[in-house]
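Notes follow once the structure below has been shown.
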Amino acid sequence: MALRNSGPICRCRSADNSRGEKGLENSELKKIKLLGVPVSNCDIEGALRALKIFLVDGRQHQVIFLNRKGLFRARYDAEYRRCLQQASLVLPVNGQLVKSAKLLKLNRIYRFYPFEFIIRMLSLTERMNLSVYLLGARKGELERAEKNLRDSFPGLSVVGRFSGYYSKDMEKDIILTIKKTSPAFLLVGSGIPGRDLWILRHKKELNSGVFLWVDDCFNIFSGKVNHPPKWLMKFGLESLFGLYKRPWRLLLIFPYLYYWVLSLVYKIFKL
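Per this note's numbering, the sequence shown starts with residue 91, numbered consecutively.
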């Protein structure tokens, strides 16, 4: 499974380190409030430039991919909202978020495509001669994902892996192993207790580095699951991917409509 040639993330220049950390604080790390929820307004170039600093600055940095469902959740889930507030980057992955920011005349935000962006993150980690730890998914899927990653990024140091769906009494040893290997990049997938909140709940037990949770990342890297085509994601309809297998997804039209009603309320009443 070739991972490098998965196509560009968007029309933008490749990242460089022409600006220092001070520049990052003034631009790439800035967030806007979209319907009351913090969202980063950096573009792809800025996000990669920030990551180049994050991987080596000796601090902890969580990266979060935010979709429409996550934005709704942050409005009522205090722990998840705190997760977004503390994250170094909150990257919108749904076209509706980008369009509603434009509707509300906020600072421009940019659409990210998770699979392609993770590829860019891994490529950056490889070029910097840094390491990654893989956590999550079923054992067979994780092993296939690791093999594909090693084939695609031969210079990438994979310092360890552990499959998900483990028993609670194993978690302490898993965290200790991750801490000892001290990867620059911790990539977390499915089968982890707490799912996207696992990183927030265990950051204090880990060393510095970049942390990212993406539910189906290892399933995609292993070839078990395909990611939605870009033409569908362009219109914000990636939730309808695989509709023929799960026809109940037609009901997702209602959250879609509610999102735009909420956006109009914010615009009309200037909230």
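Built from N, CA and C at the ideal position, the CB exists for glycine as well.
Judged by DSSP secondary structure, Val304 falls outside any beta strand (DSSP E); it is assigned neither H nor E.
About 5 angstroms separates the CB atoms of Gln150 and Ser298; that is less than 8 angstroms, so the two are in contact. In the displayed model, Val146 falls within coil according to three-state DSSP, outside both helix and strand. Counting of Cβ neighbours within 10 angstroms places Tyr223 among the buried residues, the total reaching 16 or more. According to DSSP, residue pairing for His151 in a beta bridge involves Val300. Contact holds between the region 177 to 189 and the region 157 to 166, because three or more Cβ pairs, one in each stretch, are under 8 angstroms apart. Contact check for Ser353 and Leu174: beta-carbon distance about 18 angstroms, past the 8 angstroms limit, so the pair fails to qualify.
If you draw a straight line from the Cα of Gly254 to the Cα of Arg165, it comes to about 29 angstroms. Residue Asn238 holds the alpha-carbon nearest to the alpha-carbon of Gly313 among Leu225, Asn238, His292, Thr215. Here Ile265 has His292, Glu295, Leu296 as same chain residues with Cβ atoms under 8 angstroms from its own Cβ, once five neighbours each way along the sequence are excluded.
Comparing alpha carbon positions, the residue from Glu169, Phe207, Lys192 closest to Val183 is Phe207. Here Arg139 carries a helix assignment [DSSP, helix/strand/coil]. Pairing Gly148 with Leu196, the inter-Cα distance amounts to about 33 angstroms.
Comparing alpha carbon positions, the residue from Phe252, Ser221, Val304 closest to Ala274 is Ser221. Distance from the CA atom of Met211 to the CA atom of Asn309, rounded to whole angstroms, is 18 angstroms. Annotation note: the region 170 to 255 contains the following uninterrupted alpha helix (DSSP H) runs of length 4 or greater, listed N- to C-terminal: 185 to 193, 204 to 217, 229 to 242.
When DSSP reads this structure, Leu276 sits in a beta bridge with Tyr223, Phe301. Per the coordinates, the alpha-carbon of Ser257 lies some 20 angstroms from the alpha-carbon of Asp306. For Leu124, the enclosing beta strand (DSSP E) covers residues 121 to 124. If you draw a straight line from the Cα of Gly281 to the Cα of Ile289, it comes to about 13 angstroms.
Distance from the CA of Lys120 to the CA of Val249, rounded to the nearest whole angstrom, comes to 32 angstroms. Separation of Asp241 and Arg234 (C-alpha to C-alpha, rounded to the nearest whole angstrom) is 11 angstroms.
One Cα belongs to Val278, the other to Ser247, and the distance between them is close to 16 angstroms.
For Ser130, DSSP records a beta bridge to Lys121.
Excluding its 5 nearest sequence neighbours in each direction, Tyr170 has C-beta neighbours in its own chain below 7 angstroms: Arg163, Ala164, Leu287, listed in chain order.
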